[in-house]
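Residues 1 to 216 (this note's numbering) make up the sequence shown, in order. Virtual Cβ for every residue (Gly too), placed ideally from N, Cα, C. Here the structure is a predicted model, which means the values were calculated and not measured.
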Amino acid sequence: MTTPRYHHGDLREAVLARAEAALRETGAEGLSLRKLARDLGVSHAAPSRHFKDKQALLDALAVRGFSRLGEEFASASAGSVVERVQELARRYLAFAIENPALLAVMFSRKHCQSANTSVADAANHAFRAPLDVIAKAQERGEARQGDPTRIGLSAMAAMQGLAAFVNSGFIGDETATAVAGETIARLAESLRPLREGASAQTAERVRSEDTAAPSR
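Set out below in structure tokens:
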């Protein structure tokens with residue numbers, strides 16, 4: 001693939017765009033500021049005006065990824081809580097399947113200390129929309145109670161695991177479509193508040209199990 005040469009303009013953005021393309025091709029291990037400079041046709045020192053080292057570049061890519069994910073979430077259409085959660089889950093799954101290497105950078109624990117705040121802020125901003133959907137639904141009695149962050153993390157874990165299956169070839173496209181639909185539907189349904197009778201039955205079952213459990 002021929003890499004477009006850089007012309008006068010926003011060098012920082014050009015480096016990030018080329019770095020993200022390279023990330024898809026070689027993964028984070030293959031990224032190099034000198035190689036990016038060669039690809040863009042600039043001096044070897046030019047990218048260092050914006051990124052002091054490779055880690056600074058990876059941190060900027062993480063912020064860029066969270067920003068794009070946040071835009072995906074923010075543009076989700078309105079509807080019932082179940083419909084909105086389903087759409088948010090589909091958008092996250094699509095992003096994870098399309099950007100596996102970028103996602104790994106986004107959730108890496110290796111961000112430099114000076115970038116921790118900017119990466120964390122970008123992540124918090126990205127996930128504000130889905131967490132707000134859950135929290136507001138809980139306030140209206142349309143979703144079962146619980147920590148919205150933990151609920152959101154559970155949904156993310158399911159979608160990211162499914163994306164890993166797809167990207168590794170463990171499941172094919174047809175199976176992935178069916179499994180994704182079922183998984184997303186179950187996630188959305190799991191948010192529905194328990195009916196009063198169901199809640200009482202659950203509580204009674206837990207008490208019965210506690211009573212029957214042998215003492216230690």
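Do the CB positions of residue 96 and residue 163 come within less than 8 Å of each other?
Position 96 of the sequence shown holds residue 96. Position 163 of the sequence shown holds residue 163. Result yes, Cβ atoms of residue 96 and residue 163 sit closer than 8 Å.
What separation, rounded to the nearest whole angstrom, lies between the Cα atoms of residue 86 and residue 168?
Sequence index remark: in the sequence shown, residue 86 carries index 86 (1-based). Sequence index remark: in the sequence shown, residue 168 carries index 168 (1-based). Going from the Cα of residue 86 to the Cα of residue 168 covers about 24 Å.
Which residues in the same chain have their Cβ closer than 7 Å to the Cβ of residue 30, if we skip the five residues on either side of it in sequence?
Here residue 30 refers to the residue found at position 30 when the sequence shown is read from its first residue. 22, listed in sequence order.
Identify whether residue 13 lies in helix, strand or coil by the three-state DSSP scheme.
Numbered from its first residue, the sequence shown carries residue 13 at position 13. Residue state, collapsed to three classes: helix.
Go through its chain and collect everything with a Cβ distance to residue 16's Cβ below 7 Å, but skip five positions before and after it.
Against the sequence shown, residue 16 aligns to sequence position 16. If we look at residue 16 and ignore the five residues flanking it on each side, its Cβ neighbours are 60, 61, 64.
For residue 41, is the classification buried or exposed, using 16 other Cβ atoms within 10 angstroms of its Cβ as the cut-off for buried?
In the sequence shown, counting from the first residue as 1, residue 41 sits at position 41. With fewer than 16 Cβ atoms within 10 Å of its Cβ, residue 41 is classed as exposed.
Could you give the DSSP three-state label for residue 196: helix, strand or coil?
Counted from its first residue, the sequence shown places residue 196 at position 196. Because the pLDDT at residue 196 is just 45, under 50, the model does not fix this residue reliably, and the value given afterwards should be weighed accordingly. It is helical.
What residue range is occupied by the uninterrupted alpha helix (DSSP H) comprising residue 71?
One-based indexing of the sequence shown puts residue 71 at position 71. Its alpha helix (DSSP H) spans residues 54-74.
So, using beta-carbon positions, are residue 117 and residue 131 closer together than 8 Å?
Translated into the one-based positions of the sequence shown, residue 117 becomes position 117. Translated into the one-based positions of the sequence shown, residue 131 becomes position 131. No; because the gap between Cβ atoms is not below 8 Å, this pair is not in contact.
Is it the case that the Cβ atoms of residue 28 and residue 58 are separated by a distance below 8 Å?
Numbered from 1 along the sequence shown, position 28 holds the residue referred to as residue 28. Numbered from 1 along the sequence shown, position 58 holds the residue referred to as residue 58. For residue 28 and residue 58, yes; Cβs fall inside 8 Å.
Between residue 102 and residue 50, how many whole angstroms is the CB-CB distance? I'm expecting something under 8 Å.
Numbered from 1 along the sequence shown, position 102 holds the residue referred to as residue 102. Numbered from 1 along the sequence shown, position 50 holds the residue referred to as residue 50. At roughly 19 Å, the Cβ-Cβ gap does not stay under 8 Å, so residue 102 and residue 50 are not in contact.
Between the C-alpha atoms of residue 39 and residue 108, what's the straight-line distance to the nearest angstrom?
Counting from 1 along the sequence shown, the entry for residue 39 is found at position 39. Counting from 1 along the sequence shown, the entry for residue 108 is found at position 108. Straight-line Cα distance between these residues: approximately 26 Å.
Assuming contact is defined by CB atoms lying nearer than 8 Å, are residue 191 and residue 81 in contact in what I supplied?
By one-based count along the sequence shown, residue 191 stands at place 191. By one-based count along the sequence shown, residue 81 stands at place 81. Yes, Cβ-Cβ distance for residue 191 and residue 81 is below 8 Å.
Starting from residue 167, trace the alpha helix (DSSP H) both ways and give me its first and last residue.
As a position in the sequence shown, residue 167 is number 167, starting the count at 1. That run of the alpha helix (DSSP H) goes 148-168.
So which of 156, 145, 44, 105 has the shortest CA-CA distance to residue 33?
In the sequence shown, residue 33 corresponds to position 33, counting from 1. Out of 156, 145, 44, 105, 44 has the C-alpha closest to the C-alpha of residue 33.
State the DSSP-derived secondary structure class of residue 218, mapped to helix, strand or coil.
Residue numbering for the chain in the displayed model covers 1 to 216; residue 218 lies beyond these limits and cannot be assessed.
Closest by CA to residue 55, which one among 155, 79, 119?
Against the sequence shown, residue 55 aligns to sequence position 55. With distances taken between Cα atoms, residue 55 lies closest to 119.
Sort 75, 136, 69, 177 by Cα distance to residue 124 and report the nearest one.
Along the sequence shown, read from residue 1 onward, the residue named residue 124 stands at position 124. Comparing Cα positions, the closest option is 69.
Buried or exposed: residue 145, going by 16 or more other Cβ atoms within 10 Å of its Cβ?
The residue labelled residue 145 in the question sits at position 145 within the sequence shown. Residue 145 comes out exposed.
How far does the alpha helix (DSSP H) with residue 95 in it reach, from first residue to last?
For this step, residue 95 is matched to residue 95 along the sequence shown. Start and end: 81-98.
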